[in-house]
Every structure is written in C-alpha cells, then in structure tokens.
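Colleague:
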DNA sequence: TTGTCGCATTGACGCAGGTTAATCCGCTTG
DNA sequence: CAAGCGGATTAACCTGCGTCAATGCGACAA
C-alpha cells in the first residue's frame, strides 16, 4: 500500500478508482484533526449544522435515545469509518455519537463536504456507496434483533466485530482488544445488562468465547460461526465497480 | 408538477437539481416495464447478476431468511421506491424481494445502472443519497425491535406507513388501503402472528387504530403518535442540497 | 484511611410474548 | 357440492429475558 494512504482512502478505493485530484480533496478533509474524550458526544440528536467526522483512532458508537431513558446503539464504529454522514445529508442529526474510548477524528464541515460532493461527484458516489454498504451491517443487526435469541445475537455481534477489526489490522482470528462494557453490549443487542452477563458466562462456560478484562478471546470459531449463522460476505468488498 | 415526471424523478429532485440529460437517463431506465405476481420474488438471496427495479405500482417487501425458516422483513416498499440497489452494488443479493400485491416495476440492468452512474455521477449521487435516507427508516425499525414493546412497535409501523403513503398520495390522515397480512406484520415487527393479532385487537378495543379487511383506519392519531413516540421528521425532505 | 463510583456478577421473581392447537370464515377449484 | 387453502381469531400453557436487589472489586479522590 502506498504511504500516507488514509484508512478512508483505502476503503473508498474499493468503490471507485479515484484520481489524484480526488485523493487530494480527501486529504484536505483531514486538516481539522480533533480529539474527543469519553463522555463528550460528537453529534447530538436534534442538533442542526452538524459536521461529519472521519475516525482515525479509537471507537465510537451511534445511538438513539428513547423517552424512557433507554437507548439503542445502532452501530459501533472503528478507525477508518465515516461518522455522521446522515446528520449532514439531513441537515439535522437523528442520532447521537459517543466516543467509547478517547478518539482522534478529522472534522469535515457540512458545507465543505457538500461543496466537495458538488465539485467531485465521483468522490461523492464513492463515499455514499461506502455508506450504502454500511447499511448492510445495520440490516444484519436488524435481523438479529428481530429473529435471533440472546446467545445468537451475542455470537454474531462478536464475530462481526472481529471480522471488521481484522480488515483494518486490529485483530487476529484468535481475538481482539475490546473497550466495550457489558452495558454497551446490552444497548447494542437490545438486551438488559444482567442478561448480557448471563449470556457471556454461558458462552465462556461452553468454551466458545471469553469477553473479559477488555479482551475478547475466540476459543471455538467454527461452533461460534455456526451458532450465529454468521456469513462474513456482507463485510467484504471485491474490487472497485466505478471506473 | 410537470407532466410525465415519474415518482422516482420527483423523489430524486429532493436531493439534486437534475439536468435535462440526467432526467433523460432516468426516463430511459423505465423502458423495461415488467409485471410480477405474488409469489414470484424479484430478487433472491445469494443470486448474482441481479437487476435493480423502480417500483411503479403495488407493494413489495425485502426480507432475509434464516436457517430455521423464520424470516425478518427489513423494509416495505411502495410506489416510487428503488429496489435492490444494494444487490447491484454488491454484485450478489443479500436479501429477497417479494411482491405483496401484483406489481409493476421497471427493471434496470446492473450494467446499465453502473454505466449511467459512471457517466452521470451527479445522478448517482442523487440516487445513492436517496438510498442513504432510506437507511434512516431501517434505523428506526432497528430501534423499535431493540427497545420498543409490541404495542409501540405496531403503532410506530402503522404511522410510518401512513406517512409514507400520504407523501405519494395513497392515503389520508384517517387511514389507507393496506394489502399486508398479519403474517407480514409479524415478520416485519419481529413478533409471532398470534401476538400480532392480540396487539391489533387491543389497539382496536382502545379506539386507536383498526387493521381489518385490507384497510387501516386511524381513530386517534394523537394518542397513537404519543404511544409510538413517532416523529415523522426522518421521512421528510427539505429541498435539494446538491445544486 | 474511608467513601464513592463504574462495572461485573449472581439470585429471586414476574411478565411479555412465543408455541401449540383448535375453530371459523371466505375463496377457489374439482 | 365437497374439499382444500390462506388468513384471522382465541385459549392454554410455557419460557426467555427483564427487573429488582444485593455483593464484590478495582480505581480514584478527599
């Protein structure tokens, strides 16, 4: 891989072969580098004039709050992911984005992004295309929430995370470092924290996965994959379609 | 509205001001008009070389099948919606699309779509942009499945349908014609058909909505909206952003 | 040192919603 | 006409998961 190719540029090159100019525009988007601490949300539900972000380091989650105080995590994002795109497209954010760890991200102002999209439609396509592929992940979550039980959901979630992290070099087939709490898992999987704990114990006792001390260790990938009915193909790309 | 403006063109004009040429390309996509009967899926999970479709008439649903035979409906589509976009972008479909009624749809071959996208990137942006807004709907479903109970889910689902149908002139605030069976509702809401029936009875007895004889009648919009915590803003557009 | 705060863990108990199965109705088909 | 089928409806029963509550433990601050 050429030097100085950002994770995002790398990702987008799966969708379109970008010109020097377009790559330059992409680089420009990395000028406003910012850090965020845990507890300081990047994007807030209902706020307008939001910026988008390109995540360079750390983990975040996007979630929606309900009136009764419960929340549903829609998506966990890891380095290389684009954040808050919809909040720019819609002008007003429909979800919150919270750092799970300290993070480093490049802020892209709404008007800059829209400007770049207008001038470089091919770049726009690549970005929106990538976003539309992220949707496949959301759909998988939806299926899990609707039709899988707690064990299966958990297994699927951990396998998906593992696969995504491996794609950006942050994990091995044996496991990965994971900053999520059991409360995060509960909010992502539509469960209670208590039940998350029960399920994790079962999976551990059955010798399938261990989720402990900030580390996920996969003991039996095959059985886990089968349990979760996990098919990684929705996470893979197969080369650029837009030439 | 100018004559001969297709529902899709109308929808896309919310996202980008399209040129005559681009409108022409869009029109060309409507050449291969096809009809499908109930029971003949348009797109099949796992198949490659899929076409996309623009729905002109009737309802369809996209769903995923699980090993145990259960299924989860991800989305219901109504006239004006674009179908199977992801199955073209990914080259192989990750979901099925089934007609709920007899439908009329324009088939757009994968290579034609990709060709048009390459030559008219602005058009591509508009289409992908619209798709990314459809994602907001999927996210709402996800939140419902994760954090709402059966009553709330049902109320939310019916209100969303009502709003979408009104936007294309197929419903009024008082109700709409609805070809869905209670099995469809069950598969969409992650419930059993039996429980769907229970919930519908309750809502009817409480004087909120009636779902009967292919007709949804909304008796008390305010209470229903409050029960569902329904906020229609995610379905609205506010004028084109891409000029 | 002591208090507190976030997170993990476990037990007891209850309920929303699943499962099974029976019945009914209207439509189609032979 | 009977038979079959898709869909709606209801009752009886059961279970996966939520809720509540208590405990432990490490990190950090006063």
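Residue numbers (our numbering), protein chains in the order written: chain D, 1 to 243; chain W, 1001 to 1243.
For every residue, glycine included, the Cβ atom is placed at its ideal position computed from N, Cα and C.
How many Å lie between residue 175 of chain D and residue 1115 of chain W at the Cα?
Modeller: If I take the Cα positions, the gap works out to 41 Å.
Colleague: If I measure Cβ to Cβ from residue 1181 of chain W and keep anything under 6 Å in the same chain, skipping five residues before and after, which residues do I get?
Modeller: None.
Colleague: Counting only the same chain and skipping the five closest in sequence on each side, list residues whose C-beta sits under 6 Å from that of residue 1076 of chain W.
Modeller: Closer than 6 Å at the Cβ level, and outside the excluded window around residue 1076 of chain W, lie 1061.
Colleague: Look at the alpha carbon of residue 2 of chain D and the alpha carbon of residue 130 of chain D, and state the distance between them as a whole number of angstroms.
Modeller: Residue placement at residue 2 of chain D is poorly supported in this model, since its pLDDT is 40, which falls under 50; the coordinates still yield a value, given next. Going by the C-alpha atoms only, they are around 21 Å apart.
Colleague: Would you identify the three-state DSSP class for residue 1135 of chain W, choosing helix, strand or coil?
Modeller: Three-state DSSP puts residue 1135 of chain W in a helix.
Colleague: Is residue 1119 of chain W close to chain D, meaning its C-beta is less than 7 Å from at least one C-beta of that chain?
Modeller: No, residue 1119 of chain W does not count as interfacial toward chain D.
Colleague: Would residue 1224 of chain W count as contacting chain D if we go by Cβ distances under 7 Å?
Modeller: Closer than 7 Å: no.
Colleague: Answer with yes or no whether the minimum CB distance from residue 1141 of chain W to chain D is below 7 Å.
Modeller: Closer than 7 Å to some Cβ of chain D, the Cβ of residue 1141 of chain W qualifies, so yes.
Colleague: Out of W:1066, W:1011, W:1016, W:1006, which has the shortest C-alpha to C-alpha gap to residue 1125 of chain W?
Modeller: Comparing Cα-Cα distances from residue 1125 of chain W to each of W:1066, W:1011, W:1016, W:1006, the minimum goes to W:1016.
Colleague: So what does DSSP say about residue 62 of chain D, is it helix, strand or coil?
Modeller: In this structure, residue 62 of chain D counts as strand in the three-state DSSP scheme.
Colleague: Return the first residue and the last residue of the alpha helix (DSSP H) that residue 7 of chain D is part of.
Modeller: Element bounds for residue 7 of chain D: 7-12.
Colleague: Below 7 Å between beta carbons is the criterion; list the residues of the segment 1048-1075 of chain W that meet it against any residue of chain D, in chain order.
Modeller: Per Cβ criterion, the list reads 1064, 1066, 1067, 1070, 1072, 1074.
Colleague: Closest to residue 1228 of chain W by C-alpha separation, out of W:1177, W:1203, W:1211, W:1236, would be which residue?
Modeller: Among W:1177, W:1203, W:1211, W:1236, the Cα nearest to that of residue 1228 of chain W belongs to W:1203.
Colleague: For residue 1234 of chain W, would you say it is in contact with chain D, using Cβ-to-Cβ distances shorter than 7 Å as the test?
Modeller: Answer yes: the Cβ-Cβ gap between residue 1234 of chain W and chain D drops below 7 Å somewhere.
Colleague: Would you list, in sequence order, the uninterrupted alpha helix (DSSP H) runs of no fewer than 4 residues that lie entirely inside the segment 1024-1097 of chain W?
Modeller: You should have 1085-1089.
Colleague: Could you say which of W:1088, W:1233, W:1054 lies nearest to residue 963 of chain W if we only look at CA atoms?
Modeller: The question about residue 963 of chain W has no answer, for chain W in this structure spans 1001 to 1243.
Colleague: Does residue 1128 of chain W come within less than 7 Å of chain D when only Cβ atoms are used?
Modeller: Output row for residue 1128 of chain W: interface = yes.
Colleague: So, is the C-beta of residue 1001 of chain W closer than 7 Å to a C-beta in chain D?
Modeller: Residue placement at residue 1001 of chain W is poorly supported in this model, since its pLDDT is 38, which falls under 50; the coordinates still yield a value, given next. Closer than 7 Å: no.
Colleague: Rounded to the nearest angstrom, how far is the Cβ of residue 1034 of chain W from that of residue 1105 of chain W, given a contact under 8 Å?
Modeller: With a Cβ gap of about 6 Å, residue 1034 of chain W and residue 1105 of chain W count as contacting.
Colleague: Is it buried or exposed for residue 1132 of chain W, if we count other Cβ within 10 angstroms and need 16 for buried?
Modeller: Under this definition residue 1132 of chain W is a buried residue.
Colleague: Using the C-alpha atoms, what's the distance from residue 1007 of chain W back to residue 1110 of chain W?
Modeller: Rounded to the nearest angstrom, the two C-alpha atoms are 21 Å apart.
Colleague: Would residue 1102 of chain W and residue 1058 of chain W be called neighbours here (beta carbons separated by less than 7 Å)?
Modeller: Taking 7 Å as the Cβ cut-off, residue 1102 of chain W and residue 1058 of chain W qualify as a contacting pair.
Colleague: Taking 7 Å as the CB-CB limit, is residue 1145 of chain W close to chain D?
Modeller: Chain D contact via Cβ: present.
Colleague: Would you kindly work out how many angstroms separate the C-alpha atoms of residue 46 of chain D and residue 1224 of chain W, rounded to a whole number?
Modeller: Rounded to the nearest angstrom, the two C-alpha atoms are 22 Å apart.
Colleague: Taking its Cβ as the centre, do 16 or more other Cβ atoms sit within 10 Å of residue 84 of chain D, making it buried, or is it exposed?
Modeller: The residue is buried, with at least 16 neighbouring Cβ atoms inside 10 Å.
Colleague: How big is the Cα-Cα spacing for residue 1063 of chain W and residue 56 of chain D?
Modeller: Their backbone Cα atoms lie some 34 Å apart in a straight line.
Colleague: What are the partner residues of residue 1104 of chain W, as DSSP defines its beta bridges?
Modeller: Looking at the DSSP assignment, residue 1104 of chain W forms a beta bridge with W:1035, W:1057.
Colleague: Output the residue ranges of the beta strand (DSSP E) runs that lie fully inside the segment 203-228 of chain D and measure 3 residues or longer, sorted by chain position.
Modeller: For the segment 203-228 of chain D, whole beta strand (DSSP E) runs of length 3 or above, ordered along the chain, are 209-212, 215-218.
Colleague: Which one of W:1213, W:1208, W:1226 has the shortest CA to CA distance from residue 1219 of chain W?
Modeller: Checked all of W:1213, W:1208, W:1226; the closest Cα to residue 1219 of chain W is W:1208.
Colleague: For residue 1041 of chain W versus residue 1098 of chain W, is the C-beta distance shorter than 7 Å?
Modeller: A contact, by the Cβ cut-off of 7 Å.
Colleague: Can residue 88 of chain D and residue 136 of chain D be called in contact, C-beta distance under 7 Å?
Modeller: Contact flag unset, no.
Colleague: Do you know how far the Cα of residue 1095 of chain W is from the Cα of residue 1038 of chain W?
Modeller: Cα-Cα distance, rounded: 17 Å.
Colleague: Identify the continuous beta strand (DSSP E) that holds residue 176 of chain D and give its terminal residues.
Modeller: Note, residue 176 of chain D: beta strand (DSSP E), 175-177.
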